[in-house]
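Student:
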Amino acid sequence: MNYTSSLALAALALATANSSATTTLTSANFDLDADATWDSGLPGPGNDGIINANYNFDDMGSGNTNGNFTLVPGTYSLTQTAGDGLGDQWNLNGNSDFTFNLNGGTKTSDGGTFFVNGYTYKIDGGSLTKTGGESRIANGAEFNLASGSYSATNTRLIGGSITVSGGTFSSDTLDLEGGTFTQTGGTVTTTHATLAIAQSVAGGKIANLEGGTFVNDTATALVASSNVTVNIGGDFVFDATSATGLFNSISGTSTIDFASDWTGSLILDSSTAWDDVFEAEGRVSVDGAVLNPGEFEFFFQNTSGVITLSIAPQPATAKWTGLGGSTWDFDSTANFASNEPADPLNNTTFDVATSVVNAVIFDDTYEFNGGSTGVGSFAVDVASGGISDTAVTFSNDSNAYVVSSPDANGISGTTSVTTSGASTVTLLGTHAYTGATMIEAGTLNLGDGSTDGSIVDSAITNDSALIVHNTGSITHNAIINGNGSFEKLGAGTLTLAANYLNGGSVTLTGGDLVFQGVPRASSHSIASSTVLELNSAGGFNIGAGFDTTFTGTGTLISTGMGTLRWGEAKAVFELGSGALIDVQNGLFVGASHGNVASRAEEWTNNLSDLHVESDATFNGSEGNIRVNVLTGGGTIASGGNPATTGYTGFTFGVDDGSGTFDGVLDNNGTLLGNFTKVGSGTQTLTGINLYTGNTTVTEGTLTLASGGELTMAPEANGVCNVIAGAAAGSGVIQLDGALYLELIGADITNGNSWLLVDDTDLSVNYGATFSVSSPLGLFTETAGVWTLMDGDNEWTFTEATGILSLVAPDSGYATWLGLYPTLSDTSPTGDPEKDGIENTLEYVLNGNPEVSDPSILPTLDTSGADFVFTFTRREESANDTTQVFQYGSDLMGWTDLNITPPTATEVTLGTPADGLQTVTVTISKSLAVDGKLFGRLTATLNE
């Protein structure tokens, strides 16, 4: 079959099973859709068809071409002209969802470029031969050889990967310029391999020879970059004429790295200068750790000059024996074995045992003559003056070590301490070392309850368990990180001065624990009678990824003048009955998630009391805070937008407690706070409370003490915060203090009323010292009826109903019209004097509707940086009209600025005098277009 135009198969099958059949596609497109099959026949004698593709495969594997292209066993050839370019290459374009499988048979390609470009090419049982040109793997492509063979003249890995897990991989040249070459099996043979010729990052790894056999026969440098590490896990045969054939320079930075369990061989067929190359530069490493000269050696296998690298045994690390008792001194007491495990025991002093390797191990046993013996003493007494500048490892799995210091030194200097065994290590006394402490396994105890232990200047990485058991005061100056558990025991105080970056749990069982650095533990358990202090002198803003919980029945105290918040992190407060949150200084933000509900601090199961000292603030913000008793004299704020944060209010009394709060309950800025009393106890408020949300008493008693105030803020008719109970509730409110009525924002209209105290589900008691006050003056009481005369306005609060009512003389627009009984047109839009000023606007500007007077209109001042419009209005007009100032650069479009509430920020209201008020509107001159800006005042009578 010959095709010179496009051939598309969709839900069809094309079979070429005839042994003599030939399918020729010349300058054609071959499209194979998802439901179609191209069957070239089953393998067998005389069934080796030939696909002659003298054109580009540019679209194979590109765009939306997904799935697998699988060649069954047979013989396939692709003839290409020499050169490099789209016209001369088999280019399978980049699509990571496309796989070309060669599972049998033989495929050959001559000349040009075989380009694996961003997809997967897999040989598993077949054979690919590429003669001339080059094979190129790039753009994240994967070339995998599992079985079968690959043979090529030139192979380039530019980006992506070549993985050889079996079979035979042979290429005259193998250039690894990017990506990763990995061999886990099979055989790789090349006569000219260049690894990482484009590598630029020091210590980069581009060749992982993990298994199989890699044979390179070249006269040029294998590692042409000075920054590469070749990882060897299999047999590596390098046939070169000199040492510089392996690395491009003797003074470079490339290394050969062996797996620690490597059992293969590195055969270097040259006898020239290998020791110089490796030993002088430290070019050999094991698991990434560079071996020092003397830790490996080369030796000749035969007289032909073939040498093998051998990793020499490491010098023995000193091990504690305890044969000389418990004393650990420098050069007097023989307590350390310095022999190899197979050698006779050499029990000697510390200085001798550590003369070669400056390290010491404390284990359950020590070894000699091929066996092991238990340590003689697990009590270790450091001599006066201390032991310094060494590496100490505790690998004990069964027995507990106790290491004591008699003075201010102990383990000291730059010493590092590692616990790698499953058992316990206890440090007593002062250990002044400044090296790192690494708790990899087991438990490190600092102190035992009788004697304190400290390592105050050592940075601790705790990935297992750390316990501090102190009776005195200790300050730890270095950071603590890791993910292990931490427990504080004993009656003493432990101060952590640096950041606590450990992500594990914190358990406070005894005494006080003070965090002066950022605390990032995943949980905090605070036992009864203990204190966990967060000292945020400069403020703590816990970041994302450091969520935490607080549990227990102890005290969580916040000190320092900074702000404590969890920000991007989330805190869950689940403190139990009897617990206390004590805010002594600064600002404690109880919820700080903004509009992101998933980061909301949770208080659902919290039972703790809340104490806020007089110079401190607890801002519950938009969180639904739940606490028991309120005490202290500071500020507690609450308030949020229910629509965006799910805010309902601040709840207290959750554990039936009783107490007195002398401070201020307030709104959260402009967001109104709701406060709810629950539980059978009695909460007394003695302060001047400023919140203007609702007060709800569902159970128990809320007492407003004499001298205390609750603020009520009436607005439009019938709109006001309210004191109320809950349906089927049993709450009681005892009002011995004052209701402070914020009347400035109230609608001054005759007959308006507001429910302030709702006794439907609430028992209300007005005490002998109860009073009603306002910024307009004090109310006077007669038989439970409280009255205030404000000019001609009569305000009345009635205890029996809980309602505030207003009797006001006729005022506003109607009263103003009454001053002009002979007007020919009294409608709001009327203009009886024909001066262009409607009656409503004339009323606002305190004009005379019978006389034309343009002087009452707004004036304009252009002398400054802004346009300033000024006019005088009747103060009462703010209650019954809507006033808007409009501006624009032409007379077509206008921008509104509210004069009446909500008043725009560009509007300034003067102090009322004699019923009149000056209004100033300031507009930037930058809003003018071509030097023009128009302004006008509009007024509409409210219905």
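If you count by this note's numbering, then the sequence shown holds residues 69 to 1011, one letter each, in order.
Yeah, the Cβ is synthetic: ideal placement off N, Cα and C, and Gly gets one too.
Please look up how many angstroms separate the CB atoms of V840 and W854, rounded, as I've assumed it's under 8 angstroms.
Tutor: 4 angstroms
Student: At what residues does the beta strand (DSSP E) containing L698 begin and finish?
Tutor: DSSP places L698 inside the beta strand (DSSP E), whose first and last residues are L698 to G700.
Student: Would you call the CB atoms of T752 and T771 closer than 7 angstroms?
Tutor: yes
Student: In this structure, how does DSSP classify I542 when only helix, strand and coil are distinguished?
Tutor: strand
Student: Using the Cα positions of T241 and T223, report the straight-line distance between them to the nearest angstrom.
Tutor: 6 angstroms
Student: Within its chain, find whatever has a CB closer than 6 angstroms to the CB of T487; leave out the 5 residues flanking it on each side and keep chain order.
Tutor: F462, V493, I507, G510 and L512
Student: Would the beta-carbon of R633 fall within 7 angstroms of that of V657?
Tutor: yes
Student: Which partner residues of G956 appear in the DSSP bridge assignment?
Tutor: F1002
Student: What are the boundary residues of the beta strand (DSSP E) that L830 is part of?
Tutor: Where L830 is concerned, there is no enclosing beta strand (DSSP E), given that its DSSP letter is neither H nor E.
Student: Identify, in the order they occur along the chain, each residue of the same chain with its Cβ nearer than 8 angstroms to the Cβ of N437, setting aside the five sequence neighbours on each side.
Tutor: Closer than 8 angstroms at the Cβ level, and outside the excluded window around N437, lie A410, D411, P412 and L413.
Student: Look at the alpha carbon of L598 and the alpha carbon of K556, and state the distance between them as a whole number of angstroms.
Tutor: The question names Leu, but residue 598 in the sequence shown is Thr. In a straight line, the C-alpha of T598 is about 10 angstroms away from that of K556.
Student: From the DSSP output, in three-state form, read off W884 for me.
Tutor: helix
Student: Taking T752 as part of the beta strand (DSSP E), name the residues at either end of that continuous run.
Tutor: Taken as a continuous stretch (DSSP letters only), the beta strand (DSSP E) holding T752 covers T750 to L753.
Student: Quick one: is L995 buried, meaning 16 or more other Cβ sit within 10 Å of its Cβ, or exposed?
Tutor: Exposed.
Student: Residue range of the beta strand (DSSP E) that N549 falls in?
Tutor: I548 to G550
Student: With C-beta atoms as the reference, is L213 less than 7 angstroms away from V232?
Tutor: yes
Student: May I ask which residues mark the beginning and end of the beta strand (DSSP E) holding D964?
Tutor: T963 to N966
Student: In the DSSP assignment, find the unbroken alpha helix (DSSP H) run with F430 in it and report its ends.
Tutor: Unbroken run through F430 is the beta strand (DSSP E), A427 to F430; no alpha helix (DSSP H).
Student: Suppose the cutoff is 7 angstroms on Cβ atoms and the five residues either side in sequence are ignored; what does the same chain contact list for L844 look like?
Tutor: L811, L856 and D858
Student: Using 10 angstroms around the beta-carbon of I1005, count the other beta-carbons present and answer buried if the total reaches 16, otherwise exposed.
Tutor: It is worth fixing the name first, because residue 1005 is Leu in this sequence and not Ile. Buried, because 16 or more other Cβ atoms sit within 10 Å of the Cβ of L1005.
Student: Alpha carbon to alpha carbon, how far is H592 from T458?
Tutor: A direct Cα-Cα distance of roughly 35 angstroms separates H592 from T458.
Student: Between the Cα of G390 and the Cα atoms of V471, S423 and A384, which residue gives the shortest distance?
Tutor: V471
Student: I'd like to know whether the C-beta atoms of A794 and D829 end up nearer to each other than 7 angstroms.
Tutor: yes
Student: Once DSSP output is grouped into helix, strand and coil, what is the label at Y469?
Tutor: In this structure, Y469 counts as strand in the three-state DSSP scheme.
Student: Mapping the DSSP letters down to three states, classify Y911 as helix, strand or coil.
Tutor: Look at Y911 here: in three-state DSSP terms it is helix.
Student: Between A773 and the rest of its own chain, which residues show a CB-CB distance below 8 angstroms, the 5 nearest in sequence each way excluded?
Tutor: T728, T752, L753, T754, D804 and G805
Student: Quick one: using the 10 Å Cβ neighbour count with 16 as the cut-off for buried, is N818 buried or exposed?
Tutor: exposed
Student: In whole angstroms, what is the alpha-carbon distance linking G747 and F583?
Tutor: 33 angstroms
Student: For T621, collect the residues of the same chain with a Cβ closer than 8 angstroms to its Cβ; drop the 5 residues on either side in sequence, then sort them by chain order.
Tutor: I594, A595, S596, L643, G644, S645, G646 and A647
Student: Hey, G870 and L824 are a contact pair by Cβ (cut 8 angstroms); roughly how many whole angstroms apart?
Tutor: Indeed they touch by this definition, with Cβ atoms about 5 angstroms apart.
Student: May I ask you to verify whether the stretch 956-963 touches the stretch 935-946, counting CB pairs closer than 8 angstroms and requiring at least 3?
Tutor: no
Student: D465: buried (16+ other C-beta within 10 angstroms of its C-beta) or exposed?
Tutor: exposed
Student: To the nearest angstrom, how far is it from the Cα of T577 to the Cα of S532?
Tutor: So the two alpha carbons sit approximately 18 angstroms from each other.
Student: Just confirm the distance between the C-beta atoms of G654 and G701, as a whole number of angstroms; I'd bet it's less than 8 angstroms.
Tutor: With 8 angstroms as the limit, G654 and G701 do not qualify as a contact, their Cβ atoms being about 15 angstroms apart.
Student: Short of 7 angstroms in beta carbon distance, which residues of its chain neighbour G453, apart from the five on each side in sequence? Order them along the chain.
Tutor: N477
Student: What residues match up with G521 in a beta bridge as DSSP calls it?
Tutor: G497
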